[in-house]
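**Student:** If you scroll down you'll find the structure; I have some questions about it.
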């Protein structure tokens, strides 16, 4: 295996001014970075780690050996890349500011809201309408629970659960994502008006998924999960979870592009909670700025997840709002473009205040240096 290089932002700011005198805007977001760790590893072992300022980076890149120079230049460019908006039917989702994706589970057994909307189409529609009114940019509809130990769902049942809700949301003019790993479900949902293919298996579960995603031309979300087949939580064995997930997402992105999916239509999700320990989930949350180096918009879903309960006296899923908001704001601080959440109204409010703190029209940033 050849040596791999990673540029990890380690000093973030809410404005372009810093003590170092120079900072870069991460992924076209509202977050800036002034210092970075340049990491080299081989066969899973870190060989070197150096701290570099933004001003020093061009000289550091120029001094790298050829085998690492191209990787470094690509990542340095990607870290500063501004992303085009997502087009979801008539709706345009800007990615230069954080967006909230609202979760709508039409399942009997999802870990947080299983059964709440199952076979209750009006209740589900009212909930979706409330999320849109509260400021959700996208509604993510799912018909299969992917919690650890959840039973597999026949694709016919999943279609029966998901497609009627997609049709109703489409009639409302909503931007719609479908959380599925089955191409038949995506094909039926897309025909019904869905816009985004959110695949927790990163298009690996079914060999038809790559070609279907390419043929529809829709945006896709590729999420990291260590397992394959039915159990996406299996095989979570990492040399370094942060860097291993980076490599895995890069390979998944490259495979999708090779299959004909346009690079600008791909979002990446590090898969918080999927086949990771508490410590590994925390490491990923702290390392989120690194993933801008992949050059794709980032989506993070940590809402109500088990790690919150583990850190808060085993609070049940429905009582994890505080932890969910903390993790959502952590993602925004990392420049993540989309956060996927259950509690839309509260998250949108938090995000609006977060944006206000970074609004040059409201804050004199010169006072903060």
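In my numbering, the protein residues as written are 1 to 369. Even glycine gets a Cβ: it sits at the ideal position worked out from N, Cα and C. Here the structure is a predicted model, which is why all the values come from computation and not from measurement.
1) Residue 198: which of 221, 7 and 190 sits nearest, CA to CA?
2) Label residue 90 either buried or exposed according to how many other C-beta atoms from any shown protein chain fall within 10 Å of its C-beta, with 16 as the threshold for buried.
3) Please tell me whether residue 80 and residue 24 are closer than 8 angstroms, where the distance is taken between their beta carbons.
4) Would you give the residue range spanned by the beta strand (DSSP E) that residue 365 belongs to?
5) Quick one: which unbroken beta strand (DSSP E) runs of 3-plus residues sit fully inside the stretch 249 to 320? Chain order, please.
6) According to DSSP, residue 197 sits in a beta bridge with which residue or residues?
7) If you reduce the DSSP assignment to three classes, tell me which class residue 400 lands in.
8) For the beta strand (DSSP E) that residue 101 lies in, which residues bound it at each end?
9) Which whole-angstrom value is the C-beta distance of residue 83 and residue 297, which I expect to be below 8 angstroms?
10) Please determine, among 274, 253, 258 and 63, the residue with the shortest C-alpha to C-alpha distance to residue 268.
11) Mind checking who residue 42 pairs with in its DSSP beta bridge?
12) Looking at the unbroken beta strand (DSSP E) that takes in residue 338, where does it start and where does it end?
13) Measuring alpha carbon to alpha carbon, tell me which residue in 236, 313 and 255 is nearest residue 281.
14) Considering residue 58, what are the terminal residues of the beta strand (DSSP E) in which it resides?
15) Who does residue 142 pair with in a DSSP beta bridge?
16) Which of helix, strand or coil does DSSP assign to residue 65?
17) Here's the rule: buried if 16 or more other CB atoms are within 10 angstroms of the residue's CB, otherwise exposed. What is residue 144?
18) Can you tell which of 313, 307, 284 and 311 has its C-alpha closest to the C-alpha of residue 299?
19) Any idea what DSSP makes of residue 123, helix, strand or coil?
20) For residue 390, does the three-state DSSP call read helix, strand or coil?
21) Quick check on the DSSP output: the beta strand (DSSP E) that includes residue 13 runs from which residue to which?
22) Taking Cβ positions, are residue 61 and residue 70 nearer each other than 8 angstroms?
23) Less than 8 angstroms between the CB atoms is what I'm expecting for residue 140 and residue 101, so what's the real figure, rounded?
24) Bridge partners for residue 52 per DSSP, in chain order?
25) Mapping the DSSP letters down to three states, classify residue 26 as helix, strand or coil.
26) The alpha helix (DSSP H) with residue 90 in it runs from where to where?
27) In this structure, how does DSSP classify residue 247 when only helix, strand and coil are distinguished?
28) Output needed for residue 305: all residues of its chain with C-beta closer than 7 angstroms, excluding positions within five of it in sequence on either side, in chain order.
29) Assuming residue 189 and residue 200 are in contact, meaning their beta carbons sit under 8 angstroms apart, how far apart are those beta carbons, in whole angstroms?
30) Helix, strand or coil: how does DSSP classify residue 230 here?
**Tutor:** Answer, in terms of the structure:
1) 221
2) exposed
3) yes
4) Here residue 365 belongs to no beta strand (DSSP E), and DSSP marks it neither H nor E.
5) 266 to 269
6) 178 and 220
7) The question about residue 400 has no answer, for the chain in this structure spans 1 to 369.
8) 99 to 105
9) 5 angstroms
10) 253
11) 45
12) 338 to 341
13) 236
14) Segment 57 to 62 is the alpha helix (DSSP H) holding residue 58; no beta strand (DSSP E) there.
15) 105 and 179
16) coil
17) buried
18) 284
19) helix
20) As shown, the chain starts at 1 and ends at 369. That puts residue 390 outside it, with no answer to give.
21) 4 to 13
22) no
23) 5 angstroms
24) 36
25) helix
26) From DSSP, residue 90 is part of no alpha helix (DSSP H); its letter is neither H nor E.
27) helix
28) 272 and 273
29) In fact, because the Cβ distance is near 15 angstroms, the residues do not count as touching under 8 angstroms.
30) coil
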